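For the sequence shown, my numbering gives the first residue as 7, with consecutive numbering after it.
Notes follow the structure.
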Amino acid sequence: MEVSPDLDVAVEVQRTETAAQAYRTVLDAHLASTPTLRAAFEADMRAERLDYGPNRMLCSTFRPHFLTAALHDHITHVVTTLTRALHRIARQALEDREMQDALGVTEAERSLIAVDPGYSDLSALSRLDTFVSAEGVHLVEYNAECPTGVGYNQRLFRVFDRLPPLVDFRRTRPLDRQDGADDVLDTLLSCWREWGGRSSPRIGIVDWETVVTRGEFEIFAEHFRARDIDTVIVDPRALELRDGRLYGGGGPIDLVYRRLLTAEFIERKDTCAVFEEAYRRQAACFVNSFRTKLLHKKLVFTLLHDPRWTGSLTEEERALARAHVPFTIALTNGEAEIEGERTNVVSWARDRQRELVLKPNDDYGGKGLLLGSQATPDAWAAEVERAAHEGGYVVQCAIALHESSFPDLDGAWNPYYVDIDPFFYRERMHGFMSRMSRSRVSNVTTGGGQMPTYVLL
Numbered sequence: 007m008e009v010s011p012d013l014d015v016a017v018e019v020q021r022t023e024t025a026a027q028a029y030r031t032v033l034d035a036h037l038a039s040t041p042t043l044r045a046a047f048e049a050d051m052r053a054e055r056l057d058y059g060p061n062r063m064l065c066s067t068f069r070p071h072f073l074t075a076a077l078h079d080h081i082t083h084v085v086t087t088l089t090r091a092l093h094r095i096a097r098q099a100l101e102d103r104e105m106q107d108a109l110g111v112t113e114a115e116r117s118l119i120a121v122d123p124g125y126s127d128l129s130a131l132s133r134l135d136t137f138v139s140a141e142g143v144h145l146v147e148y149n150a151e152c153p154t155g156v157g158y159n160q161r162l163f164r165v166f167d168r169l170p171p172l173v174d175f176r177r178t179r180p181l182d183r184q185d186g187a188d189d190v191l192d193t194l195l196s197c198w199r200e201w202g203g204r205s206s207p208r209i210g211i212v213d214w215e216t217v218v219t220r221g222e223f224e225i226f227a228e229h230f231r232a233r234d235i236d237t238v239i240v241d242p243r244a245l246e247l248r249d250g251r252l253y254g255g256g257g258p259i260d261l262v263y264r265r266l267l268t269a270e271f272i273e274r275k276d277t278c279a280v281f282e283e284a285y286r287r288q289a290a291c292f293v294n295s296f297r298t299k300l301l302h303k304k305l306v307f308t309l310l311h312d313p314r315w316t317g318s319l320t321e322e323e324r325a326l327a328r329a330h331v332p333f334t335i336a337l338t339n340g341e342a343e344i345e346g347e348r349t350n351v352v353s354w355a356r357d358r359q360r361e362l363v364l365k366p367n368d369d370y371g372g373k374g375l376l377l378g379s380q381a382t383p384d385a386w387a388a389e390v391e392r393a394a395h396e397g398g399y400v401v402q403c404a405i406a407l408h409e410s411s412f413p414d415l416d417g418a419w420n421p422y423y424v425d426i427d428p429f430f431y432r433e434r435m436h437g438f439m440s441r442m443s444r445s446r447v448s449n450v451t452t453g454g455g456q457m458p459t460y461v462l463l
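Next up, the structure:
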C-alpha cells in the first residue's frame, strides 16, 4: 500500500460525493419504478437480523458510504500508525501507577488489569471512532473494550449486495468491501492458541441476555458455527465453575468472547461472581481481557500529547498525532500544561467553550457528552464546574464534521453527519463501521444508523 504524505483529503472527499451523486441517479430511478423496494429492503434486513431493538432497523437508508481507494489507504496508514503507538505506550501502564492514575483507572479496574490474561494484547479486538472531512482525518475516541459493528457489517453487506440499485451501480463502477467476521474469529482463535489452547474451542459469547445488540451475537454465533466452532450465547449470571472449568449454555466454555462491559460488570459483580473467578483463575481464555480499560478511557489520547509519555514516539508518530488527534485533557480544578503554559483547566475550558467538547472519561453511546457550540455560556460554565467537581470528565478540542446527503426509506434525501470507524484485529486494520446521524453526536445508541462502506476502485 503506497500512501502519499501530501494527499489532498478535501479532493478525495469530494470524489466520494461525486460517486454518491451518481448513485443517487440510479437509486432515484429504482424508487420511481419499484414501489415495493422499501418493503423488500426492510424484509431483507429483518431476515439478516438487522433490527436494533424491538422497534427500529439498524440501517435507515438505501445508500452505502463510499471511500476512494486513496482515502482508504490514507486512513489506514494514519490510524494504524497511531493505534500501534497507543498500544506501545499504554503497555507501560501495566507497571506504571502514575500512568494508570493519569488515565483515570479506578481501584476496581486496577485489580482486574493486574490479572494476566494469558496472551499479549491489551486489546485484540477494537474500533477507533474517526471523522473524515475536507479538513482531514481525526480520531476522537478509542472503543478498545467490546466494540460492536463487525457482525452487523457482514449482514449489511449481504443486504446491499442484493439491493437492485447498488447491483446496477456496480456494473459501471467497481467497488470493494471488507467483511470482518472472519477476522473476529481468526483473532479469537489466535489469542486462544497463544493462551495455550490446542484443540478447537467451544466459544461463549457473554453479555446480559437483554442487551439491544443480542442480534449481533446471534450473527456471530451462526458465523462461527459455519466454520465448525461450537458457539453459545450466555448471560454471565448463568455461568458455572466445575473442577476448575467454566460451563454455560449446556456445556464447557473454553473461550469467552467478552461483550460484557467492564463498568457494567463492576456495577453488578455480586450477581456474576463465577465470571470474575473464572477470569482470575484462567478457567477459560477471555477475549478481550479487562486490560482493555487502559486503552478504552477517553484520556488515552493524552498519551500522544502529554510530554510525560511521549518520549518513545517517533517523529512520524508525533506529526500524525498533532495532525489527527484533537487535544484531550482531564477536566480538573487544578493546573495543567496547555499550549506550553501552566493553565487552570476549568478557566481554560470556560474561555474556550465553542472550541471544546465535554464528555465522561469512561462511558459509551454518547452519554453525558456536551458540545460547547450547542450550549449557552451559563449552561456550559455550570456543566464544566459540575464535571470538574465530580471528576471523571475530559474536554477535547472539537473537530470539523462532514455532512453528506442520504435518502430515508421514504425516498427523501436529507443531510447527515457521517463518521467512519476502522476495526482493528491485534493492531491490524481491516474494514470500517460507518454511521449517519442528524445529530453531531453520531451514535447508533442515540438514534443514529449504520450503513456499509464500499471502496471505489
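Glycine is no exception: its CB is placed at the ideal position from the N, C-alpha and C atoms.
As the structure is a prediction and not an experimental result, all values here were calculated from the model.
Based on the DSSP secondary-structure assignment, which residues constitute the bridge partners of residue i?
{"i": "F342", "result": "Inspection of the sequence shows that residue 342 is occupied by Ala rather than by Phe. DSSP output for A342 lists T349 as bridge partner(s)."}
{"i": "H1", "result": "This structure cannot settle anything about residue 1, because the visible part of the chain is limited to 7 through 463."}
{"i": "S410", "result": "Y422"}
{"i": "V138", "result": "V143"}
{"i": "Q402", "result": "T334 and V363"}
{"i": "S132", "result": "F430"}
{"i": "V262", "result": "G210 and F292"}
{"i": "V111", "result": "In DSSP, V111 forms no bridge with anything."}
{"i": "R251", "result": "R248"}
{"i": "F47", "result": "Its beta-bridge partners do not exist; DSSP assigns none."}
{"i": "Y148", "result": "L134"}
{"i": "M468", "result": "Lying outside 7 to 463, the shown extent of the chain, residue 468 is not represented and no answer is given."}
{"i": "M63", "result": "D57"}
{"i": "V240", "result": "V212"}
{"i": "G257", "result": "G254"}
{"i": "L169", "result": "Paired residue(s): none; L169 is not in a bridge."}
Measure from the alpha carbon of residue i to the alpha carbon of each residue in the options, then state which is nearest.
{"i": "P171", "options": "P413, H80 and A404", "result": "P413"}
{"i": "R287", "options": "T268, L305, I95 and R248", "result": "R248"}
{"i": "P242", "options": "V84, L252, V400 and F175", "result": "L252"}
{"i": "Q456", "options": "H83, E141 and R161", "result": "R161"}
{"i": "D368", "options": "E228, T136, E115 and G142", "result": "E115"}
{"i": "S411", "options": "D12, L33, L13 and D14", "result": "L33"}
{"i": "E270", "options": "A91, Y370, E101 and E409", "result": "Y370"}
{"i": "L305", "options": "M51, G257, V390 and G398", "result": "G398"}
{"i": "G340", "options": "V331, A355 and R328", "result": "A355"}
{"i": "L181", "options": "E224, R264 and T74", "result": "T74"}
{"i": "D213", "options": "E224, R204 and V447", "result": "E224"}
{"i": "D234", "options": "T338, W201 and D188", "result": "D188"}
{"i": "D384", "options": "D357, H395, H80 and A404", "result": "D357"}
{"i": "G256", "options": "E246, G250, N294 and A327", "result": "E246"}
{"i": "H395", "options": "V401, L337 and V447", "result": "L337"}
{"i": "R444", "options": "Y58, T67 and I119", "result": "T67"}
{"i": "R204", "options": "A244, C291 and Y148", "result": "C291"}
Who are the Cβ neighbours of residue i in its own chain at under 7 Å, not counting the five residues just before and after it?
{"i": "S39", "result": "none"}
{"i": "R432", "result": "D127, A130, T193 and S196"}
{"i": "R168", "result": "D50"}
{"i": "E282", "result": "K275"}
{"i": "H36", "result": "L43, P170 and P171"}
{"i": "F166", "result": "P70, L172 and P458"}
Say yes only if the C-beta of residue i is nearer than 7 Å to one or more non-hydrogen atoms of the ligand GTP, and no if none qualify.
{"i": "R161", "result": "This structure lacks the ligand GTP, and indeed carries no ligand of any kind."}
Go ahead and label residue i buried or exposed: buried means 16 or more other beta carbons lie within 10 angstroms of its beta carbon, across all protein chains shown.
{"i": "V17", "result": "exposed"}
{"i": "T89", "result": "buried"}
{"i": "L261", "result": "buried"}
{"i": "E104", "result": "exposed"}
{"i": "V173", "result": "exposed"}
{"i": "A53", "result": "exposed"}
{"i": "N61", "result": "exposed"}
{"i": "R328", "result": "exposed"}
{"i": "Q27", "result": "exposed"}
{"i": "P507", "result": "Because the chain spans 7 through 463 in this model, residue 507 falls outside it and cannot be assessed."}
{"i": "D122", "result": "exposed"}
{"i": "S295", "result": "buried"}
{"i": "K303", "result": "buried"}
{"i": "G254", "result": "buried"}
{"i": "Q380", "result": "exposed"}
Output needed for residue i: all residues of its chain with C-beta closer than 6 Å, excluding positions within five of it in sequence on either side, in chain order.
{"i": "R231", "result": "T237"}
{"i": "V190", "result": "V156"}
{"i": "F163", "result": "R183, D185 and P458"}
{"i": "G437", "result": "Q184, G186 and F429"}
{"i": "G378", "result": "Q359, R360, L362 and W386"}
{"i": "L375", "result": "K365 and V447"}
{"i": "P207", "result": "W198, D260 and L261"}
Just to confirm my understanding: we take residue i, look at its own chain, exclude 5 residues before and 5 after, and list those with CB closer than 8 Å. What are they?
{"i": "H408", "result": "V19, F137, V138, S139, A140, Y423 and V424"}
{"i": "S353", "result": "none"}
(request) Check whether the segment 417-424 touches the segment 116-128, taking contact to mean three or more Cβ pairs, one atom from each stretch, closer than 8 Å. (result) no
(request) Determine contact between the segment 297-312 and the segment 344-364, defined as no fewer than three beta-carbon pairs at a distance below 8 Å. (result) With a cut-off of 8 Å on Cβ pairs, the segment 297-312 is not in contact with the segment 344-364, counting fewer than three such pairs.
(message) Tell me whether the segment 150-162 and the segment 129-142 touch, counting them as touching only if at least three CB pairs, one residue from each stretch, are closer than 8 Å.
(response) A contact between stretches requires three or more CB pairs, one per stretch, nearer than 8 Å, and the segment 150-162 meets this requirement with the segment 129-142.
(message) When you compare the segment 302-320 with the segment 211-218, are there three or more beta-carbon pairs, one atom per stretch, that lie closer than 8 Å?
(response) no
(message) Closer than 8 Å is the cut-off here; do at least three beta carbon pairs connect the segment 133-146 with the segment 84-96?
(response) yes
(message) Any contact between the segment 102-115 and the segment 340-352? By contact I mean 3 or more CB pairs, one from each, below 8 Å.
(response) No, the segment 102-115 does not touch the segment 340-352.
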